[in-house]
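In the numbering used here, the protein residues as written are 38 to 270.
To start, the structure under review is shown below, and the notes come after it.
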């Protein structure tokens with residue numbers, strides 16, 4: 038199945054990786070190796086677990102279930118809190134994330150789907166689409182219901198502020214090992230746990246329903262992402 042998907046991969050010229058713009062993401066991955074020198078202790082592990090699972094909830098419950106799908110209602114204050122904590126995951130702002138996700142569902146596994154492994158291969162669906170310039174802007178027209186809130190517009194524009202605050206906090210709380218494990222490794226792990234739903238949850242697992250797309254259920258991905266692995270339910 039994976040081989041078949043890879044054979045169909047087609048990348049347009051404007052979907053090529055912007056290597057200069059990708060430097061921060063590359064450095065974050067390389068930064069994980071700093072754990073060799075900083076070591077690890079109980080406080081660092083605690084920071085890793087807390088920052089991973091709290092932010093995973095904010096992505097799954099906030100960015101995805103609330104902002105993208107509006108599956109529940111909440112107050113404006115808690116809405117901002119969900120957005121703020123979600124932004125610390127360094128997956129850009131809530132409007133950018135939810136806007137592109139809505140387009141994904143509108144055109145799931147069709148040419149317009151920006152992260153379809155069927156259309157562009159697993160690598161592009163997993164992370165390649167984030168590294169190119171084509172999808173760097175927020176599709177405001179798809180997320181106007183939330184774009185009316187100035188505080189969300191601010192977070193979406195200055196999305197790098199919350200993760201910077203978190204990075205400093207982990208350094209102050211746990212020193213360099215706390216920073217590496219509680220921010221760097223935690224963030225990279227969170228990225229790939231989120232991205233795996235776009236890529237491998239469309240190629241590995243069982244299909245409960247015969248839908249028009251290639252979505253699948255995978256219990257391991259579900260455990261890792263607080264339920265997102267049940268992608269074909």
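Just so it is clear, CB atoms sit at the ideal spot from N, CA and C, and this is done for glycine as well.
* Which residues in the same chain have their Cβ closer than 7 Å to the Cβ of residue 43, if we skip the five residues on either side of it in sequence? -> The predicted model places residue 43 with a pLDDT of 48, which falls under 50 and marks its position as unreliable, so this point remains unresolved.
### Query
Does DSSP put residue 56 in a helix, in a strand, or in coil?
Note: residue 56 maps to coil in three-state DSSP.
By DSSP, does residue 196 sit in helix, in strand, or in coil?
In the three-state reduction of the DSSP assignment, residue 196 falls in the coil class.
* Asked: Do you know whose CA, among 243, 200, 235, 260, lies nearest residue 122's CA?
  -> Selection 243, 200, 235, 260 evaluated against residue 122 yields 200 as nearest (Cα-Cα).
Worksheet entry | Proximity winner among 109, 132, 209, relative to residue 181 (alpha-carbon distances) | Ranked by Cα distance from residue 181, the first of 109, 132, 209 is 132.
Contacts around residue 152, its chain only, beta-carbon distance under 6 Å, and the 5 residues preceding and following it disregarded = The residues are 162, 166, 235.
Under 7 Å from any heavy atom of the ligand ADP, does the C-beta of residue 215 make it?
The ligand ADP is absent from the structure shown, which contains no ligands of any kind.
### Query
For the alpha helix (DSSP H) that contains residue 235, what are its first and last residues?
That run of the alpha helix (DSSP H) goes 223-236.
**Message:** Considering only DSSP beta bridges, list what residue 213 is partnered with.
**Reply:** When beta bridges are read from the DSSP output, residue 213 appears opposite no residue.
Of the choices 253, 258, 51, 263, whose alpha-carbon is the least far from that of residue 155? The shortest C-alpha to C-alpha distance from residue 155 to any of 253, 258, 51, 263 is the one to 253.
Item to complete: State the Cα-Cα distance for the pair residue 116 and residue 65, rounded to the nearest angstrom.
Response: Taking the straight line from one Cα to the other gives about 28 Å.
Subject >> For residue 202, the nearest candidate out of 125, 240, 149 (CA to CA) >> reply: Of the listed residues, the one whose Cα sits closest to residue 202 is 125.
query: Helix, strand or coil for residue 243 per DSSP?
result: Strand.
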